[in-house]
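Participant: First, the structure itself, so that you have it in front of you.
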Amino acid sequence: MSDRIHSLSGYIHEYQRSVNQPEQFWSRIADSFHWQKRWDKVVDWDFEGPDVKWFLNAKLNITENIFERYLFTHGDHPAIIWEPNEPNESNQTITLRQLYEKVNQFSNAMKAKGVGKGDRVIIYMPMVPEAAVAMLACARIGAVHSVVFAGFSSNALADRINDCSAKMVLTADGNFRGAKSIPVKAVVDEALEKTSTVEKVIVFERTKEAVDMKAGRDIWWHDAIKGQSTECKAEVMDSEDLLFILYTSGSTGKPKGVVHTCGGYMVYTKYSFENVFQYEPGDVYWCTADVGWITGHSYIVYGPLLAGATTVMFEGVPTYPDAGRFWEVVEKYKVNQFYTAPTAIRALQAHGTEPVTKHDLSSLKVIGTVGEPINEEAWHWYHSHVGKMKCPVVDTWWQTETGGIMISPLAGVTPTKPSYATLPLPGVQLVIVDADGKELKGNSVEGNLCIKYPWPSMIRTTYGDHERCKQTYFSTYKGMYFTGDGVKRDEDGYYRILGRVDDVINVSGHRMGTAEVENAINEHPKVIESAVVGYPHEVKGQGIYAYVICDMENRTEENLTNEISETVRNIIGPIAKPDKIQIVPGLPKTRSGKIMRRILRKIAEGDTSNLGDTSTLLNPEVVEAIKEGAK
Ligand code: WTA
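Per the working numbering, the sequence shown starts with residue 11, numbered consecutively.
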């Protein structure tokens with residue numbers, strides 16, 4: 011059964027209902043799922059705690075809502091279509107029944123290795139179907155998965171393993187990415203030298219490169235599943251039991267483990283998937299994200315599979331072997347809904363329209379974007395050349411913490427406007443506040459984006475540190491969830507996201523804390539102090555600009571910038587490498603010693619005409635020197 015909205019008036023009606031009678035609204039949506047025991051109460055919440063619970067005391071297993079629910083009628087339907095990195099390597103179509111059997115078999119394999127309900131399992135894998143199998147098998151047996159993007163360094167991986175005291179790591183020998191093959195198991199080995207909780211590592215064979223297998227700890231995936239039954243009873247989970255932890259960057263300190271729970275996440279991801287993409291039975295849906303990010307969790311794996319959809323998983327990169335790869339794959343599988351990031355669109359836009367027009371994209375019905383604001387030019391390019399002016403563009407705004415899409419057109423239902431995420435989904439009660447927390451009512455206002463009522467897939471806590479969750483999201487504005495984003499509501503009541511208002515930068519759709527990058531830079535022995543800001547970047551949306559004070563003895567600038575770059579790569583991963591590193595004699599500071607980032611941002615943007623009053627700085631002279639050096 012689908013709760014799909016079909017018209018604008020239907021949307022308005024549903025939205026009103028969801029606000030006037032949220033409990034009845036969500037109860038109706040949740041009714042279409044399979045629960046082992048129904049809830050006693052729909053929602054209980056207090057944003058002070060914060061303490062949010064959905065579908066209280068209900069029992070369920072999310073995988074029963076993916077498998078048992080559809081197996082009888084749809085067992086032979088393709089669940090996952092996997093497109094490998096190399097276009098001529100054979101692809102895979104995995105039916106729902108085959109996926110079910112793989113998940114059960116792997117569930118049994120994990121259990122045999124001592125993993126059970128509540129244990130944390132790290133998944134550090136390439137984009138192969140087994141990554142989805144691993145997630146679903148964890149969910150099947152009640153283990154809590156924490157997927158770590160396979161591009162993160164061993165240090166970043168070790169931090170995450172330690173933070174959640176993971177018992178098991180699921181990985182692969184290597185990862186094919188375009189023309190490169192990246193060792194993965196070796197990174198795990200390094201990480202495990204800095205951790206002590208992991209008992210077993212299961213290794214999927216992908217690239218067949220040589221790896222060290224540690225006796226007693228490491229097992230090949232194919233050996234682990236040998237002889238295991240393809241039936242595994244789903245664990246009974248409470249609605250509020252943990253489903254997964256996903257680490258994400260914030261404005262301070264180390265990445266935090268965002269916690270999502272079983273019941274609410276299930277209800278919201280399916281509901282939002284069906285409505286935003288207007289998925290119809292038989293459609294082929296493709297989201298190009300990596301399962302290492304929330305988009306991969308909610309809209310490659312859980313949302314689509316909960317809706318009985320066919321979901322495409324792509325191992326490679328948009329420009330390999332050429333800039334036509336995405337479109338070649340759309341044509342090959344007759345993709346109906348296509349979901350990608352603005353940074354990918356801008357990168358492909360730079361290659362012109364020939365790679366697009368070469369392919370038959372007539373199957374496309376809906377095209378979507380996520381992860382960062384989409385500029386008007388990219389929106390129009392996407393709409394004209396990919397969507398041929400006939401496919402609605404769904405610009406979806408949401409966050410790791412929200413679990414699912416919050417603001418977006420419903421394809422074909424909501425009239426779109428370039429660069430606008432448009433309107434909130436039913437159940438999402440947005441508020442715009444000014445710096446003092448005063449609500450800005452009415453249209454044509456601009457301020458900080460908050461949410462004043464809970465929704466089923468919202469963050470419950472930050473793993474192991476509830477206070478941090480409270481401080482980060484629920485303390486800036488009393489009684490509201492603060493998103494960290496700036497927003498404008500225009501004269502039509504449409505929302506346009508303006509970007510982060512905190513010290514988070516968004517590089518190619520990847521969230522990066524400036525403090526996190528600074529901490530990594532400061533690990534270099536010659537670095538005295540650093541400050542990192544974002545600046546507009548044509549393809550990446552934002553680039554990373556690092557101002558660094560260094561001890562120059564025995565070093566040239568070139569040596570140092572290369573070494574610093576390498577340090578960041580080692581500590582976080584290649585995605586955090588600064589785009590620009592400027593060695594500076596000092597950093598502009600207030601008399602109380604605070605770095606004036608506003609000035610650094612302006613210089614990074616190349617806008618030095620109006621730096622404001624710098625005379626009150628502790629060291630106004632460094633501003634001139636930095637300006638000179640930036641030329
Ligand atoms: C940004 C990704 C503008 C935003 C799902 C948010 C967007 C952060 C959009 C979350 C969009 C995401 N338009 N900005 N459509 N989607 N963002 O946790 O700043 O990786 O706070 O979740 O990305 O990034 P995250």
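Here a beta-carbon is modelled for each residue, glycine too, at the ideal position from N, C-alpha and C.
#1: Return the CA-CA distance between ALA89 and ASP293, expressed in angstroms with no decimal places.
#2: Is it the case that the Cβ atoms of ALA640 and GLN592 are separated by a distance below 8 Å?
#3: If you drop the 5 nearest sequence neighbours on each side, which residues of the same chain put their C-beta closer than 6 Å to that of HIS547?
#4: ASP446 bridges to which residues according to DSSP?
#5: Is GLN409 near ligand 1, in the sense that its beta carbon is under 7 Å from a heavy atom of that ligand?
#6: Reducing DSSP to helix, strand and coil, say where LYS63 ends up.
#7: Expressed to the nearest angstrom, what Euclidean distance is found between the alpha-carbon atoms of LEU435 and ILE417?
#8: Between which two residues does the alpha helix (DSSP H) carrying MET223 extend?
#9: GLY452: which of ARG499, LYS280, VAL594 sits nearest, CA to CA?
#10: Relative to ligand 1, is the shortest distance from any of its heavy atoms to the C-beta of VAL158 smaller than 7 Å?
#11: Does the region 261 to 280 come close enough to the region 310 to 328 that 3 or more CB-CB pairs lie under 8 Å?
#12: Taking the CB atoms as reference points, tell me whether PHE35 and GLY414 lie closer together than 8 Å.
#13: Cβ of ILE507 within 7 Å of any heavy atom in ligand 1?
#14: If you run the structure through DSSP and keep just helix, strand and coil, what is ASP169?
#15: Between the Cα of ILE661 and those of HIS155, ALA68, LYS637, spot the shortest distance and give me the residue it belongs to.
#16: Answer yes if the region 479 to 490 comes into contact with the region 66 to 79, meaning at least three C-beta pairs across the two stretches below 8 Å, and no otherwise.
#17: Using a threshold of 7 Å, is the CB atom of GLU78 nearer than that to any non-hydrogen atom of ligand 1?
#18: For ALA431, is the beta carbon positioned less than 7 Å from some heavy atom of ligand 3?
#19: Using beta-carbon positions only, say whether ALA317 and PHE283 come within less than 8 Å of one another.
#20: If the criterion is Cβ atoms closer than 8 Å, does the pair VAL208 and LEU167 meet it?
#21: Return the chain-ordered list of same chain residues with a C-beta closer than 7 Å to the C-beta of LEU252, the five sequence neighbours on each side being excluded.
#22: Roughly how far, in whole angstroms, is the beta-carbon of ALA357 from the beta-carbon of PRO331, given that I think they are within contact range, below 8 Å?
#23: How is GLU539 classed by DSSP in three states: helix, strand or coil?
#24: Report yes or no: do the region 134 to 150 and the region 256 to 269 share at least 3 C-beta pairs separated by less than 8 Å?
#25: Is PHE65 buried or exposed, if buried means 16 or more other CB atoms sit within 10 Å of its CB?
#26: If I measure Cβ to Cβ from GLU245 and keep anything under 8 Å in the same chain, skipping five residues before and after, which residues do I get?
#27: How many angstroms separate the CA atom of MET247 from the CA atom of LYS69?
#28: So does TRP230 have its beta carbon nearer than 7 Å to some heavy atom of ligand 1?
#29: DSSP state of MET562, grouped into three classes?
#30: Out of curiosity, what's the CA-to-CA distance linking ILE377 and PRO535?
#31: Could you name the residues that DSSP lists as bridge partners for ASN458?
#32: So, using beta-carbon positions, are LYS599 and LEU628 closer together than 8 Å?
#33: Below 7 Å CB to CB, which residues in the same chain sit around LEU621 once its five sequence neighbours on both sides are set aside?
#34: Quick one: is the Cβ of ARG510 within less than 7 Å of any heavy atom of ligand 1?
#35: Going straight from the alpha carbon of ALA201 to that of LYS550, what length do you get?
#36: Report the option in ALA556, GLU533, ASN532, ILE531 whose CA atom is closest to the CA atom of VAL543.
Facilitator: In short:
#1: Within the sequence shown, numbered from 1, the residue matching residue 89 stands at position 79. Within the sequence shown, numbered from 1, the residue matching residue 293 stands at position 283. For ALA89 and ASP293, the distance between alpha carbons rounds to 11 Å.
#2: As a position in the sequence shown, residue 640 is number 630, starting the count at 1. As a position in the sequence shown, residue 592 is number 582, starting the count at 1. Yes; because the gap between Cβ atoms is below 8 Å, this pair is in contact.
#3: Here residue 547 is taken as the residue at index 537 of the sequence shown, counted from 1. So the list reads GLY553, once near-sequence residues are dropped.
#4: In the sequence shown, residue 446 corresponds to position 436, counting from 1. Bridge partners of ASP446: none, in fact.
#5: In the sequence shown, counting from the first residue as 1, residue 409 sits at position 399. When distances are taken from the beta-carbon of GLN409 to the heavy atoms of ligand 1, the shortest one is below 7 Å.
#6: As a working note, residue 63 is residue 53 in the sequence shown. Under the three-state reduction of DSSP output, LYS63 falls in the strand class.
#7: For the purposes of this step, residue 435 is taken as residue 425 along the sequence shown, with counting starting at 1. For the purposes of this step, residue 417 is taken as residue 407 along the sequence shown, with counting starting at 1. So the alpha carbons of these two residues sit roughly 6 Å apart.
#8: On the sequence shown, position 213 is the one that residue 223 refers to. Premise fails: MET223 is in no alpha helix (DSSP H) and is neither H nor E.
#9: Here the question's residue 452 lines up with position 442 in the sequence shown. Checking every option, the nearest Cα to that of GLY452 belongs to ARG499.
#10: Numbered from 1 along the sequence shown, position 148 holds the residue referred to as residue 158. False, no ligand heavy atom lies under 7 Å from that Cβ.
#11: yes
#12: Numbered from its first residue, the sequence shown carries residue 35 at position 25. Numbered from its first residue, the sequence shown carries residue 414 at position 404. When the beta-carbon positions are compared, PHE35 and GLY414 stay at least 8 Å from each other.
#13: Taking the first residue of the sequence shown as 1, we reach residue 507 at position 497. It does: the Cβ of ILE507 is within 7 Å (strictly closer) of some heavy atom of ligand 1.
#14: By one-based count along the sequence shown, residue 169 stands at place 159. Look at ASP169 here: in three-state DSSP terms it is helix.
#15: Nothing can be reported for residue 661: it is not among the residues displayed for the chain, which extend from 11 to 641.
#16: no
#17: Translated into positions along the sequence shown, residue 78 becomes position 68. Not under cutoff, so the answer is no.
#18: Absence of ligand 3 is noted for the structure shown, with ligand 1 being the only ligands found.
#19: In the sequence shown, counting from the first residue as 1, residue 317 sits at position 307. In the sequence shown, counting from the first residue as 1, residue 283 sits at position 273. Yes, they are a contact pair.
#20: Here residue 208 refers to the residue found at position 198 of the sequence shown. Here residue 167 refers to the residue found at position 157 of the sequence shown. No, these two residues do not count as a Cβ contact at 8 Å.
#21: Here residue 252 corresponds to residue number 242 of the sequence shown, with the count starting at 1. VAL154, VAL269, THR271.
#22: By one-based count along the sequence shown, residue 357 stands at place 347. By one-based count along the sequence shown, residue 331 stands at place 321. Contact flag wrong, Cβ pair sits at about 15 Å.
#23: Numbered from its first residue, the sequence shown carries residue 539 at position 529. DSSP, reduced to helix, strand and coil, places GLU539 within a strand of the structure shown.
#24: no
#25: In the sequence shown, residue 65 corresponds to position 55, counting from 1. Buried, because 16 or more other Cβ atoms sit within 10 Å of the Cβ of PHE65.
#26: For the purposes of this step, residue 245 is taken as the residue at position 235 of the sequence shown. Closer than 8 Å at Cβ, skipping near neighbours: ASN71, LYS127, ARG150, ILE151, GLY152.
#27: As a first step, residue 247 is located in the sequence shown; it is residue number 237 there, counting from the start. As a first step, residue 69 is located in the sequence shown; it is residue number 59 there, counting from the start. MET247 and LYS69: Cα-Cα distance of roughly 5 Å.
#28: Residue mapping note: residue 230 aligns to position 220 of the sequence shown, counting from 1. No, ligand 1 has no heavy atom inside 7 Å of this Cβ.
#29: Residue 562 sits at position 552 when you count from the first residue of the sequence shown. Three-state DSSP puts MET562 in coil, outside helix and strand.
#30: Position 367 of the sequence shown holds residue 377. Position 525 of the sequence shown holds residue 535. Rounded to the nearest angstrom, the two C-alpha atoms are 47 Å apart.
#31: Working through the sequence shown from its first residue, we reach residue 458 at position 448. DSSP lists VAL443, GLY496 as partners of ASN458.
#32: Counting from one through the sequence shown, the residue named residue 599 turns up at place 589. Counting from one through the sequence shown, the residue named residue 628 turns up at place 618. Cβ distance < 8 Å, so LYS599 and LEU628 count as in contact.
#33: If you number the sequence shown from 1, residue 621 lands on position 611. By the criterion of a C-beta distance shorter than 7 Å, LEU621 is surrounded in its chain by ILE609, LYS612, VAL633, once the five residues flanking it on both sides are discounted.
#34: Numbered from its first residue, the sequence shown carries residue 510 at position 500. Checking the Cβ of ARG510 against ligand 1 gives yes.
#35: Residue mapping note: residue 201 aligns to position 191 of the sequence shown, counting from 1. Residue mapping note: residue 550 aligns to position 540 of the sequence shown, counting from 1. Going by the C-alpha atoms only, they are around 29 Å apart.
#36: Here residue 543 is taken as the residue at index 533 of the sequence shown, counted from 1. Out of ALA556, GLU533, ASN532, ILE531, ALA556 has the C-alpha closest to the C-alpha of VAL543.
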